[in-house]
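Anchor point for the sequence shown: position 211 equals 211 in UniProt numbering, and the numbering is continuous, going up by one each time.
Idealized CB from N, CA, C, for every residue including glycine.
Note that the coordinates shown come from a computational prediction; the quantities given were computed from them, not determined experimentally.
Everything below concerns the one structure shown next.
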Amino acid sequence: MPRPARSAPTGLLARENANDEIYERIYVAILEHRLHPGTKLGEDRLAKIFNVSRARVREVLSRLAHEQIVELYPQRGAFVAQPTPQQAIDVFEARRLIEPAILKRLVTQLTPDKVARLRQHEELEHDARRRDDRRAVVRLSGEFHVLLAELAGNSALLRSLRELSTLTCLIIFLYDAPTATSCRADEHAEIVDAIAKRDTARAEKLMLAHLDHIEHSLSLDNNTVEVDLEAVFRD
């Protein structure tokens, strides 16, 4: 008889869960523009903030670096990525290739529950705008695209889009795209309407226009700002 699968040791699971929590807090801080491009992510300061070891912080930073969200420099440490203008162009080129494929797959696998989740997210965006919660607007705008990939059900596309979406948030901040117009809620709503009608061609056309609109709103002025890490992660 085959041996039953062995579960991971409790200590290992606890470490992975702690790492995931730190990762998510840094990830969300980037999405909400609380962590700016070029911010130094000192291991000692982060270890103190999250009450973990430097080794634990190093694992998280390595994961973020693998996803190109963080840049690691020998003898200097870790910094939030600062995409160059050419890297920004590359990101949007990749998104124009990937997101239509995500939409096509989503429409073929569409269910009422998936439409309901998209409508729910759409309402969260509208609510954030009504409350003028800029951080929530930025985060939810990025998460909308990740949600599309999640609902499409392809894990490789999801990983790619999550990385590209985070880089886009950095690009928007770095090149000062006006968030209120660069990712408008009505554009997302139109995309959701097309998906709900299973109109793949219209959904793809709207998505490409949406990405073009974001990219064309970028300016190339680079403003680096000092950030207080303790204030960013203060509960």
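In the same chain as R58, and ignoring 5 residues on each side of it, the C-beta atoms closer than 7 Å to its own belong to E43, in chain order. Each of I191, H210 and A78 was checked against the Cα of L118, and the nearest Cα belongs to I191. Annotated as distal: T168 and V107, with beta-carbon spacing of 8 Å or more. Taking a contact as a CB-CB distance under 8 Å, the pair P83 and V91 counts as one, their CB atoms being some 7 Å apart. Within the DSSP secondary-structure output, K114 pairs in no beta bridge.
By the Cβ test, the region 153-161 is not in contact with the region 127-142, since fewer than three Cβ pairs between them sit closer than 8 Å. For F79, the enclosing beta strand (DSSP E) begins and ends at G77 to V80. Nearest to N19 by alpha-carbon distance, out of L206, S62, V232 and A29, is S62.
When DSSP reads this structure, Y73 sits in a beta bridge with G77. Around the beta-carbon of S155, fewer than 16 other beta-carbon atoms lie within 10 Å, marking it exposed. Following the DSSP letters along the chain, one finds H210 inside the alpha helix (DSSP H) bounded by residues T200 to H216. Non-local beta-carbon contacts of T166 in its own chain, meaning distances under 8 Å to residues more than five positions away in sequence, involve Y27, I30, L31, E67, I69 and G142 in chain order. Secondary structure in the region 135-195: no beta strand (DSSP E) run of 3 residues or longer lies completely within the stretch. The residues V138 and F173, in chain order, have a CB closer than 6 Å to that of H33 in the same chain once the five nearest residues on each side in sequence are set aside.
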